[in-house]
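Residue numbers (this note's numbering): 62 to 165.
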(Lines of atoms letter the chains of each structure in order from A and count residues from 1; the text may use other names and numbers.)
(Lines give C-alpha, C1' and ligand atoms only; values in the text may rest on other atoms or scores of the structure.)
Protein backbone atom coordinates (compact mmCIF):
# COMPACT_ATOMS: atom_id res chain seq x y z
CA UNK A 1 0.00 0.00 0.00
CA UNK A 2 1.37 3.40 -0.99
CA UNK A 3 0.15 6.22 1.22
CA UNK A 4 0.44 9.98 0.97
CA UNK A 5 -1.06 13.14 2.31
CA UNK A 6 -1.27 16.60 0.77
CA UNK A 7 -2.43 19.91 2.14
CA UNK A 8 -3.03 23.51 1.23
CA UNK A 9 -2.38 25.46 4.39
CA UNK A 10 -3.62 28.76 2.94
CA UNK A 11 -7.00 27.18 2.13
CA UNK A 12 -7.35 24.95 5.19
CA UNK A 13 -7.91 21.78 3.19
CA UNK A 14 -6.05 18.49 3.00
CA UNK A 15 -6.40 15.06 1.52
CA UNK A 16 -5.08 11.59 2.18
CA UNK A 17 -4.82 8.67 -0.13
CA UNK A 18 -3.75 5.08 -0.51
CA UNK A 19 -3.15 2.79 -3.46
CA UNK A 20 -3.12 -0.98 -2.92
CA UNK A 21 -1.55 -3.39 -5.38
CA UNK A 22 -1.26 -7.14 -5.34
CA UNK A 23 1.98 -9.11 -5.57
CA UNK A 24 2.17 -8.70 -9.36
CA UNK A 25 1.50 -4.97 -9.31
CA UNK A 26 -2.17 -4.90 -10.28
CA UNK A 27 -4.20 -2.20 -8.56
CA UNK A 28 -6.67 -3.84 -6.17
CA UNK A 29 -7.95 -0.78 -4.34
CA UNK A 30 -7.67 2.97 -3.99
CA UNK A 31 -8.76 5.39 -1.32
CA UNK A 32 -9.03 9.18 -1.32
CA UNK A 33 -10.23 11.06 1.75
CA UNK A 34 -10.64 14.85 1.66
CA UNK A 35 -10.49 16.91 4.82
CA UNK A 36 -11.15 20.45 5.95
CA UNK A 37 -9.09 22.05 8.67
CA UNK A 38 -5.60 23.08 9.55
CA UNK A 39 -3.34 20.08 10.16
CA UNK A 40 0.42 19.74 10.07
CA UNK A 41 2.11 17.91 7.20
CA UNK A 42 3.04 15.13 9.64
CA UNK A 43 -0.54 14.80 10.88
CA UNK A 44 -1.71 14.60 7.28
CA UNK A 45 0.72 11.72 6.64
CA UNK A 46 -0.41 9.91 9.79
CA UNK A 47 -4.03 10.30 8.69
CA UNK A 48 -3.12 8.79 5.31
CA UNK A 49 -1.62 5.79 7.10
CA UNK A 50 -4.54 5.29 9.50
CA UNK A 51 -7.14 5.72 6.74
CA UNK A 52 -5.21 3.31 4.53
CA UNK A 53 -4.97 0.71 7.29
CA UNK A 54 -8.72 0.93 7.94
CA UNK A 55 -9.28 0.46 4.20
CA UNK A 56 -7.03 -2.62 4.05
CA UNK A 57 -8.76 -4.22 7.01
CA UNK A 58 -12.24 -3.55 5.59
CA UNK A 59 -11.14 -4.90 2.18
CA UNK A 60 -9.87 -8.07 3.82
CA UNK A 61 -6.22 -7.65 2.87
CA UNK A 62 -4.23 -9.84 5.25
CA UNK A 63 -0.62 -9.16 4.16
CA UNK A 64 0.28 -5.52 3.55
CA UNK A 65 3.55 -3.82 2.63
CA UNK A 66 3.42 -0.10 3.40
CA UNK A 67 5.35 2.58 1.54
CA UNK A 68 5.29 6.31 2.07
CA UNK A 69 7.51 9.36 1.78
CA UNK A 70 7.30 10.57 5.40
CA UNK A 71 10.21 8.99 7.23
CA UNK A 72 9.18 10.56 10.54
CA UNK A 73 5.91 8.60 10.45
CA UNK A 74 7.71 5.28 10.17
CA UNK A 75 10.25 6.25 12.83
CA UNK A 76 7.42 7.08 15.23
CA UNK A 77 5.82 3.71 14.56
CA UNK A 78 9.08 1.88 15.28
CA UNK A 79 9.55 3.67 18.60
CA UNK A 80 8.78 1.81 21.81
CA UNK A 81 8.38 5.06 23.76
CA UNK A 82 4.98 6.63 24.28
CA UNK A 83 4.39 9.40 21.75
CA UNK A 84 3.28 12.49 23.65
CA UNK A 85 3.13 14.70 20.56
CA UNK A 86 -0.10 15.94 19.01
CA UNK A 87 0.05 12.92 16.71
CA UNK A 88 0.40 10.42 19.56
CA UNK A 89 -3.20 9.22 19.29
CA UNK A 90 -2.74 8.54 15.56
CA UNK A 91 0.47 6.62 16.29
CA UNK A 92 -1.37 4.54 18.88
CA UNK A 93 -4.28 3.91 16.50
CA UNK A 94 -1.92 2.78 13.73
CA UNK A 95 -0.15 0.40 16.11
CA UNK A 96 -3.49 -1.12 17.13
CA UNK A 97 -4.54 -1.49 13.48
CA UNK A 98 -1.24 -3.21 12.67
CA UNK A 99 -2.34 -6.04 14.96
CA UNK A 100 -5.24 -6.79 12.60
CA UNK A 101 -3.03 -7.43 9.57
CA UNK A 102 0.42 -8.77 8.76
CA UNK A 103 2.73 -5.92 7.80
CA UNK A 104 5.93 -6.64 5.89
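Ideal Cβ placement from N, Cα and C applies to all residues, glycine included. Being a predicted model, the structure only gives us computed values, none of them experimental.
To the nearest angstrom, how far is it from the Cα of residue 118 to the Cα of residue 148?
When rounded, the distance between both Cα atoms is 22 Å.
Give the secondary structure of residue 117 by DSSP, where H, G and I count as helix, E and B as strand, and everything else as coil.
If DSSP states are grouped into helix, strand and coil, residue 117 belongs with the helices.
List the endpoints of the continuous beta strand (DSSP E) containing residue 69.
It spans 63–69 - the beta strand (DSSP E) in which residue 69 sits, taken as one unbroken run.
For the 8 Å Cβ check, are there 3 or more pairs between the stretch 100–109 and the stretch 142–161?
Verdict: yes, contact present.
May I have the straight-line CA-CA distance separating residue 150 from residue 137, to the nearest angstrom?
Computed Cα separation, rounded: 12 Å.
Assign residue 131 to one of three DSSP states: helix, strand, or coil.
It is coil, neither helix nor strand.
Distance, Cα to Cα, residue 134 vs residue 124?
Roughly 20 Å between the two C-alpha positions.
Which first and last residues belong to the beta strand (DSSP E) in which residue 78 is found?
Element bounds for residue 78: 74–82.
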